[in-house]
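A.B. asks: Just so you know, the numbering used here puts the end of the sequence shown at 663, numbered straight through with nothing missing.
For glycine and all other residues, C-beta sits at the position ideal for the given N, C-alpha and C.
The structure presented is a predicted model; accordingly, all values stated were derived computationally and were not measured.
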Amino acid sequence: MGALTVGPLIDSWIYQSDAITKSQLAALDSFCQLPTSVLHRMRDEIPSETLISRCDVFHRGRTCTQFHLDYFAKGMKFAIRLYVPIYIATVLAPKYKCWLWGPRPALAPLVVRYLRTCCCLTMMYQVPLGFSCLSPSDRHRATVRMAGALTTLAFLAEHEHRRGSVIKAVGVYTTGTIAARIAAALQLPPLVVKLGQIVALSTAMAVIFRRTDPDSSRMTRMLNGYSDQLTATEDDAMR
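#1: Cutting at 7 Å between CB atoms, please list the residues of its own chain near residue 435, excluding the five before and the five after it.
#2: With DSSP collapsed to three states, give me the class of residue 444.
#3: With DSSP run on the structure shown, which of helix, strand or coil describes residue 469?
#4: Give me the Cα-Cα distance between residue 439 and residue 555, rounded to the nearest whole angstrom.
#5: Could you give the distance in angstroms between the alpha-carbon of residue 443 and the alpha-carbon of residue 615?
#6: Return the chain-ordered list of same chain residues with a C-beta closer than 6 Å to the C-beta of residue 491, the five sequence neighbours on each side being excluded.
#7: My output table needs one value for residue 610: the three-state DSSP class, helix, strand or coil.
#8: Where does the unbroken alpha helix (DSSP H) through residue 572 begin, and where does it stop?
#9: How many angstroms separate the CA atom of residue 521 from the CA atom of residue 502?
#10: Going by Cα to Cα distance, which pick from 493, 454, 469 and 551 is closest to residue 506?
#11: Look at the Cβ atom of residue 549, then the Cβ atom of residue 499, and state whether they are nearer than 8 Å.
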């Protein structure tokens, strides 16, 4: 499921960035923490199929090891700055009475869960970049698609009960991207494209973020982060 969600997004991000809305593209570029010059070089040289080395595109003048060490540190700092206010507002603030008067929640599990989320966000870009460096293939389109599929490995860094939420959030971007590519291929009028984007986004939000209940299908519950073993236990209990 993660490969189907992230793979098309990575491919569009590099090869068909014009089909992505400006707001989505700005968010994806911001999260990746690569310099603007590198992003321009990536979109100019990789689709041309004429470059000799992808490493020269992403970290010109630096070794792969040096680049990835620096990139991980930079990505973690960005993720921490991004998630601190979100985490405080959504997790810590609602439980302020517990923090003030007790019983206080265990701090270590909260920190570990928070760092795993930050690591997941960082690895969603580091995994495909790492595969780009390791792959000896000069078939760049195939390499990009394989790198996008392998980005699923980044979800392993996230807590198992939150992986579904991360995949769903990425799925909204993927849905909008695919819809934009279809609209461009069909050469639809701008008004129809805008209305279609609203409908596609609303539908994606309604379907992907729907709440689960005991009557929900196993697939729906798995998409919401419940393991197959857990759903099987629940089904057996209901019989």
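C.D. replies: Per the coordinate set shown:
#1: Translated into positions along the sequence shown, residue 435 becomes position 11. Closer than 7 Å at the Cβ level, and outside the excluded window around residue 435, lie 568, 569 and 572.
#2: For the purposes of this step, residue 444 is identified with residue 20 of the sequence shown, where counting begins at 1. Three-state DSSP puts residue 444 in coil, outside helix and strand.
#3: One-based indexing of the sequence shown puts residue 469 at position 45. DSSP places residue 469 in helix when its eight states are reduced to three.
#4: Position 15 of the sequence shown, counted from the start, is the residue given in the question as residue 439. Position 131 of the sequence shown, counted from the start, is the residue given in the question as residue 555. Distance between the alpha carbons of residue 439 and residue 555 is about 17 Å.
#5: Against the sequence shown, residue 443 aligns to sequence position 19. Against the sequence shown, residue 615 aligns to sequence position 191. The C-alpha of residue 443 lies about 16 Å from the C-alpha of residue 615.
#6: Taking the first residue of the sequence shown as 1, we reach residue 491 at position 67. Cβ within range, chain order: 483.
#7: Residue mapping note: residue 610 aligns to position 186 of the sequence shown, counting from 1. Three-state DSSP puts residue 610 in a helix.
#8: For this step, residue 572 is matched to residue 148 along the sequence shown. For residue 572, the enclosing alpha helix (DSSP H) stretches over residues 564-574.
#9: The sequence position of residue 521 within the sequence shown is 97, counting from 1. The sequence position of residue 502 within the sequence shown is 78, counting from 1. Residue 521 and residue 502: Cα-Cα distance of roughly 30 Å.
#10: In the sequence shown, counting from the first residue as 1, residue 506 sits at position 82. Closest option to residue 506, Cα to Cα, is 454.
#11: Here residue 549 refers to the residue found at position 125 when the sequence shown is read from its first residue. Here residue 499 refers to the residue found at position 75 when the sequence shown is read from its first residue. Yes; because the gap between Cβ atoms is below 8 Å, this pair is in contact.
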